[in-house]
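> Whatever position you read off the sequence shown (first residue = 1), add 12 for the working numbering.
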Amino acid sequence: MEEFDLGIIGAGPAGYTAALHGAGTGKKVVLFEKNEIGGVCLNKGCIPTKAILHVSEVYNRIKNCSDYGISVSDVDFDYSVVLERKNKIIEKLRKGIELALKNSKVTVVKSEAEILSEHEILSDNTVYSCKKIICAGGSSPKIIKGLEFDDEFLLSSDDILNLEKLPKSVLIAGSGAIGLEWARIMSNFGVETVLIELAPHLLPAADIEVSKRVERILKSQNIKYYTNTSIQKIEGKTVTLSNNEVLNPEIVLVAAGRTPCIPDKKFDEVSYIGDMAGEIQLAHYAIKQAVETVDFIPFNKNLTPFVIYGTPEIAWAGKREQDLEAGTYQKSLTLISSLGKAHCDNETEGFIKILVQNNKIIGAHIVSSEASSILQQLLIAMQFGIGPDKLKEVCFPHPTYSEGIFEGLYKLK
Ligand SMILES: Cc1cc2nc3c(=O)[nH]c(=O)nc-3n(C[C@H](O)[C@H](O)[C@H](O)COP(=O)(O)OP(=O)(O)OC[C@H]3O[C@@H](n4cnc5c(N)ncnc54)[C@H](O)[C@@H]3O)c2cc1C
């Protein structure tokens, strides 16, 4: 029987991070993967969607560049090249992870694995003895009763990546990160797009002001949406919504969350991390959980950042305004249109909202170009308790979107 210090099931962000960090501290590590190294994040999630989204944004920008004095005609795209580029990016990044695992002397077993006991893993008819086992098996698209995926009309976020050409029209059910990003992709490429959301506002996990701004932005981008709405009936390709609207989309993307892939039997001494843990299903959360499990470096889960990509980006962390009691906090809201850089870039949509309690920044909610980078600056302040007064001492470069933070600090009331 082969003996290891650490046995890890699943080579997504949680699994490969745990493997690399384990090996980094001198442990003998074995990593099992039944599909491709990189997991959902690299192969079906974060990276492929962002690669396609980027091209859709470039295409949209080129089509609408007359404001810059640039004239172009016959702008078109070849979706097969978009997919080819996406695949090349995935391959390149996958090779990078594989090389890092090899250099770290992690034993990679490309096969399904099963936990037999607290210290034994079975894979490919071999039993591996492991002092410690980490299970990072990920999650899969949630199946909704009546909206079961059929590979043709009712598609999951995995299926939509397999389309060789874009549809003429799409109905997207669910306005979380996946639904909203695909709505942006489809609409940028000129696909007639309708987004529906069961909750009273789009992006229900966000601060209410962010949700309302996103709704305004979608209207201005001619993306049709309905809130408080679900799919009531499907007959052939005719979809009746709960608001009695009848649609005939070429495809439906069901983006209603993800189900953790929980094994039949759980073991007390095994650590279950990443999407499988059923907490926050994001790659960076999975990575931090891996570091926490292997290196024993805890992280503040309440400060997990959320980002929705596209134009403009949407990013937040910490408390939302709707969760705070009136009169107990201070707030500033700085419009992106007040920033010089935004005008230079033609990216004036959005705001930076900062929430403060007892001289501590407790929430940051941003709709803006570069929102993810702006958020990171506020996150560092939140993490280390750097209050607004201290943050004011920082010199912010001009012209940047970050100046919106500086302006916001002086507006707090
Ligand atoms: C469309 C989409 C877009 C996304 N965009 C973002 C984003 O922009 N930012 C972000 O942070 N997150 C994003 N996510 C979420 C992100 O992909 C996940 O949070 C992340 O992949 C979770 O990592 P993980 O390691 O827990 O699981 P996974 O990445 O799911 O990896 C689990 C791995 O375990 C393997 N496995 C399972 N069971 C076994 C077994 N028995 N034996 C061997 N191998 C097994 C699977 O094959 C898989 O490769 C997105 C997800 C989707 C679907």
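Even for Gly, the Cβ is constructed at its ideal location relative to N, Cα and C.
Taking contact to mean at least 3 C-beta pairs separated by less than 8 Å, is the segment 253 to 272 in contact with the segment 178 to 189?
Touching, yes.
> Does DSSP put residue 173 in a helix, in a strand, or in coil?
The count along the sequence shown starts at 1 and reaches residue 173 at position 161. Helix.
> Note the first and the last residue of the continuous beta strand (DSSP E) segment covering residue 132.
By one-based count along the sequence shown, residue 132 stands at place 120. Note, residue 132: beta strand (DSSP E), 132 to 135.
> What does DSSP give as the partner residue(s) for residue 63 in the beta ladder?
Counting from 1 along the sequence shown, the entry for residue 63 is found at position 51. According to DSSP, which records beta bridges pairwise, residue 63 is partnered with nothing at all.
> Residues in the same chain with beta-carbon distance under 6 Å from residue 423, minus the five sequence neighbours each way, listed in chain order, please.
The count along the sequence shown starts at 1 and reaches residue 423 at position 411. Closer than 6 Å at the Cβ level, and outside the excluded window around residue 423, lie 344.
> Do residue 61 and ligand 3 come close, with the Cβ less than 7 Å from some heavy atom?
Absent from the structure shown: ligand 3. Ligands present: ligand 1.
> Comparing C-alpha positions only, which one of 327, 119, 28, 373 sits nearest to residue 108?
As a first step, residue 108 is located in the sequence shown; it is residue number 96 there, counting from the start. Nearest of 327, 119, 28, 373 to residue 108, Cα basis: 28.
> Could you check what DSSP says for residue 238 in three-state terms: helix, strand or coil?
By 1-based counting over the sequence shown, the position of residue 238 is 226. In the structure shown, residue 238 sits in a strand (DSSP, three-state: E or B).
> My output table needs one value for residue 376: the three-state DSSP class, helix, strand or coil.
Against the sequence shown, residue 376 aligns to sequence position 364. It is a strand residue.
> Answer with buried or exposed for residue 351, where buried requires no fewer than 16 other C-beta atoms within 10 angstroms of its C-beta.
Position 339 of the sequence shown, counted from the first residue, corresponds to residue 351. The residue is buried, with at least 16 neighbouring Cβ atoms inside 10 Å.
> Thinking C-alpha only, which one of 403, 397, 379 is nearest residue 413?
Looking up residue 413 in the sequence shown gives position 401. Selected option, being the one with the closest Cα: 379.
> Would you decide whether residue 287 is buried or exposed? Buried here means 16 or more other CB atoms lie within 10 Å of its CB.
To locate residue 287, count along the sequence shown from 1; it is residue 275. With 16 or more other Cβ atoms within 10 Å, it is buried.
> Since I believe residue 250 is in contact with residue 209 (beta carbons under 8 Å), could you give me their beta-carbon distance rounded to a whole number of angstroms?
Within the sequence shown, residue 209 is the residue found at index 197, counting from 1. Within the sequence shown, residue 250 is the residue found at index 238, counting from 1. Actually they do not touch by this definition, with Cβ atoms about 21 Å apart.
> Residues in its own chain within less than 7 Å of residue 295 by CB, not counting five upstream and five downstream?
Walking along the sequence shown from the start, residue 295 turns up at place 283. Here the set comprises 25, 53, 58.
> Rounded C-beta distance between residue 253 and residue 243? I'm assuming under 8 Å.
Numbered from its first residue, the sequence shown carries residue 253 at position 241. Numbered from its first residue, the sequence shown carries residue 243 at position 231. With 8 Å as the limit, residue 253 and residue 243 qualify as a contact, their Cβ atoms being about 6 Å apart.
> Can we count residue 125 as close to ligand 1, meaning its CB is less than 7 Å from some heavy atom?
Working through the sequence shown from its first residue, we reach residue 125 at position 113. Indeed, a heavy atom of ligand 1 lies less than 7 Å from the Cβ.
> Using CA coordinates, which residue listed in 341, 138, 279 is at the minimum distance from residue 146?
Indexing the sequence shown from 1 puts residue 146 at position 134. The candidate whose alpha carbon is nearest that of residue 146 is 279.
> Is residue 368 close to ligand 1? I mean its beta-carbon at under 7 Å from any heavy atom of the ligand.
As a first step, residue 368 is located in the sequence shown; it is residue number 356 there, counting from the start. No - ligand 1 has no heavy atom lying nearer than 7 Å to the Cβ of residue 368.
> In terms of residues, what are the limits of the alpha helix (DSSP H) holding residue 156?
By one-based count along the sequence shown, residue 156 stands at place 144. Taken as a continuous stretch (DSSP letters only), residue 156 belongs to no alpha helix (DSSP H), as it is neither H nor E.
> Does the distance between the C-beta of residue 47 and the nearest non-hydrogen atom of ligand 1 fall short of 7 Å?
Position 35 of the sequence shown, counted from the first residue, corresponds to residue 47. It does: the Cβ of residue 47 is within 7 Å (strictly closer) of some heavy atom of ligand 1.
> Which residue from 305, 237, 118, 60 puts its Cα closest to that of residue 187?
Here residue 187 refers to the residue found at position 175 when the sequence shown is read from its first residue. Checked all of 305, 237, 118, 60; the closest Cα to residue 187 is 237.
> Within the continuous beta strand (DSSP E) that includes residue 17, where are the two ends?
For the purposes of this step, residue 17 is taken as the residue at position 5 of the sequence shown. That run of the beta strand (DSSP E) goes 14 to 21.
> Use the C-beta contact count for residue 44: other C-beta atoms within 10 angstroms, 16 or more gives buried, fewer gives exposed.
Working through the sequence shown from its first residue, we reach residue 44 at position 32. With 16 or more Cβ atoms within 10 Å of its Cβ, residue 44 is classed as buried.
> What is the DSSP secondary structure of residue 193, counted as helix, strand or coil?
Numbered from its first residue, the sequence shown carries residue 193 at position 181. Residue state, collapsed to three classes: helix.
> Between which two residues does the alpha helix (DSSP H) carrying residue 29 extend?
Residue mapping note: residue 29 aligns to position 17 of the sequence shown, counting from 1. Looking at the DSSP string, the run of the alpha helix (DSSP H) that includes residue 29 is 25 to 36.
> Measuring only between beta-carbons, confirm whether residue 134 sits less than 8 Å from chain D.
You won't find chain D in this structure, because it holds only one protein chain.
> What does a CB cutoff of less than 7 Å around residue 403 pick up in its chain, not counting 5 residues either side in sequence?
Numbered from 1 along the sequence shown, position 391 holds the residue referred to as residue 403. Excluding residues within five positions, the ones whose Cβ falls inside 7 Å are 393, 421.
> In this structure, does DSSP put residue 244 in helix, strand or coil?
Start at 1 with the first residue of the sequence shown, and residue 244 comes out as number 232. Here residue 244 sits in strand by DSSP.
> Is the Cβ-Cβ distance between residue 330 and residue 383 less than 8 Å?
For the purposes of this step, residue 330 is identified with residue 318 of the sequence shown, where counting begins at 1. For the purposes of this step, residue 383 is identified with residue 371 of the sequence shown, where counting begins at 1. No, the pair does not count as a contact, with Cβ atoms beyond the cut-off.
> Is it the case that the segment 297 to 311 contacts the segment 59 to 66, given that we only count it when at least three CB pairs across the two stretches are under 8 Å?
No: fewer than three Cβ pairs fall under 8 Å.
> Does the segment 149 to 167 come close enough to the segment 34 to 43 that 3 or more CB-CB pairs lie under 8 Å?
Cβ pair count under 8 Å is below three, so no.
> Cβ atoms of residue 324 and residue 381: under 8 Å apart, would you say?
On the sequence shown, position 369 is the one that residue 381 refers to. On the sequence shown, position 312 is the one that residue 324 refers to. Result yes, Cβ atoms of residue 381 and residue 324 sit closer than 8 Å.
> Tell me where the beta strand (DSSP E) around residue 204 begins and ends.
Taking the first residue of the sequence shown as 1, we reach residue 204 at position 192. It spans 204 to 208 - the beta strand (DSSP E) in which residue 204 sits, taken as one unbroken run.
> Below 8 Å between beta carbons: does that hold for residue 148 and residue 290?
Residue 148 sits at position 136 when you count from the first residue of the sequence shown. Residue 290 sits at position 278 when you count from the first residue of the sequence shown. Taking 8 Å as the Cβ cut-off, residue 148 and residue 290 do not qualify as a contacting pair.
> Tell me which same chain residues have a C-beta within less than 7 Å of the C-beta of residue 397, skipping the five on either side of it?
Looking up residue 397 in the sequence shown gives position 385. Taken in chain order, the residues that qualify are 372.
> Residue ranges of each beta strand (DSSP E) run of no fewer than 3 residues wholly in the segment 246 to 294, ordered along the chain?
Counting whole runs of 3 or more residues, the segment 246 to 294 contains the beta strand (DSSP E) stretches 250 to 253, 263 to 266, 270 to 272.
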